[in-house]
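With the UniProt record's numbering, letter number 187 in the sequence shown gets 187, and the count goes up by one each step, no holes.
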Amino acid sequence: MDEEIKFYLDEAEESMGKALQHTGVEMTRIRAGKASPAMLDSLRVDYYGTPTPIGQVANVAAPDARTLFIKPWEKNMISEIAKAIKNSDLGLNPQSDAEGVRLNIPAMTEERRRELVKQAKNESESGKVRIRGIRKDVNDALRKLLKEGASEDAIKDAEAKVQKATDSYISRVDDLLSKKESEIMTI
């Protein structure tokens, strides 16, 4: 029984870590006023009829804090990349030339900053919900072990450890959110 309890605790820790990592990745996709190649990670371009991540057809670089430069490996992709950026919800205006696509990242308005903070809060809440769901699943599995004959004290200790891990990961999600909020609101 002790091995099974340890298995569930390890599983909870690993799953919560993945949920935190996923939340962190989603937070980096939220534009924070300065140019970051990660802003384009979710963008797909039409590559010979197949929606393809922009990073697989071009090199994305940030020459300075307000500019992104996208240099495709095939010159015929320049117009497709520009079209994908125009049609996205990034609110950016691509400028194409013979070498690639240049994106000037404008300074954000107060209203846009508030929208992005709201988006970051939604991502943070989604991460917390995932973590709480993991806690619920593990606690259900532990209660099942109790019915199968595990000691009540061992299960209570395991539930306390799961709660402690949950609190720790939720606190880390909150830290990600506060860092992102300050990044967004910094002018």
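A virtual CB, placed ideally from N, CA and C, is assigned to each residue, including glycine. All figures in this text were calculated on a predicted structure; none of them were measured in a lab.
Quiz item: Phe7: buried (16+ other C-beta within 10 angstroms of its C-beta) or exposed?
Solution: Result: exposed.
Quiz item: Three or more C-beta pairs closer than 8 Å, one from the stretch 143 to 160 and one from the stretch 92 to 104: is that the case here?
Solution: By the Cβ rule, the stretch 143 to 160 does not count as touching the stretch 92 to 104, because fewer than three pairs are nearer than 8 Å.
Quiz item: Can you give the Cα-Cα distance for Phe69 and Ala12, rounded to whole angstroms?
Solution: Cα to Cα, Phe69 sits roughly 41 Å from Ala12.
Quiz item: Is the beta carbon of Lys128 sitting closer than 7 Å to the one on Val173?
Solution: Closer than 7 Å, so yes.
Quiz item: Are the beta-carbon atoms belonging to Ile81 and Leu92 less than 7 Å from one another?
Solution: No, these two residues do not count as a Cβ contact at 7 Å.
Exercise. Rank Arg29, Ser178 and Ala165 by C-alpha distance to the C-alpha of residue 191 and give the top, closest one.
Key: Nothing in the structure corresponds to residue 191, since the chain is present only between 1 and 187.
Quiz item: For Ser168, does the three-state DSSP call read helix, strand or coil?
Solution: Ser168: helix per DSSP, three-state reduction.
Quiz item: When the distance is taken between beta carbons, is Leu142 closer than 7 Å to Ile134?
Solution: No, these two residues do not count as a Cβ contact at 7 Å.
Practice problem: Note down the Cα distance separating Ile78 from Ala58, rounded to an integer number of angstroms. | Solution: Going by the C-alpha atoms only, they are around 9 Å apart.
Self-check item: Proximal residues to Leu145 (C-beta, below 7 Å), its chain only, five neighbours per side dropped
Solution: For Leu145, the CB contacts under 7 Å within the same chain, skipping 5 residues up- and downstream, are Met1, Glu4, Ile5 and Ile155 in chain order.
Quiz item: What span of residues does the alpha helix (DSSP H) with residue 190 cover, start to end?
Solution: In this structure the chain extends from 1 to 187, so residue 190 is not present and cannot be described.
Quiz prompt | The beta strand (DSSP E) enclosing Ala58, as first and last residue numbers | solution = From DSSP, the beta strand (DSSP E) with Ala58 extends over Ala58 to Asp64.
Quiz item: Does the Cβ of Arg130 have 16 or more other Cβ atoms within 10 Å, making it buried, or fewer, making it exposed?
Solution: Buried, by the Cβ-count rule.
Exercise. Over the uninterrupted beta strand (DSSP E) stretch that includes Ser96, give me the two end residues.
Key: Unbroken beta strand (DSSP E) run through Ser96: Pro94 to Ser96.
Quiz item: So, Gly100 versus Lys71, is the Cβ gap smaller than 7 Å?
Solution: Contact flag set, yes.
Exercise. Mind checking which residues open and close the beta strand (DSSP E) that includes Asn87?
Key: No beta strand (DSSP E) holds Asn87; the alpha helix (DSSP H) holding it covers Ile78 to Asn87.
Quiz prompt | Environment of Glu148 [buried if 16+ CB atoms lie within 10 Å] | solution = Only exposed fits Glu148, as fewer than 16 other CB atoms lie within 10 angstroms of its CB.
Practice problem: For Arg132, verify whether its CB is less than 6 Å away from any heavy atom of the ligand ZN. | Solution: The ligand ZN is not part of the structure shown, which contains no ligands of any sort.
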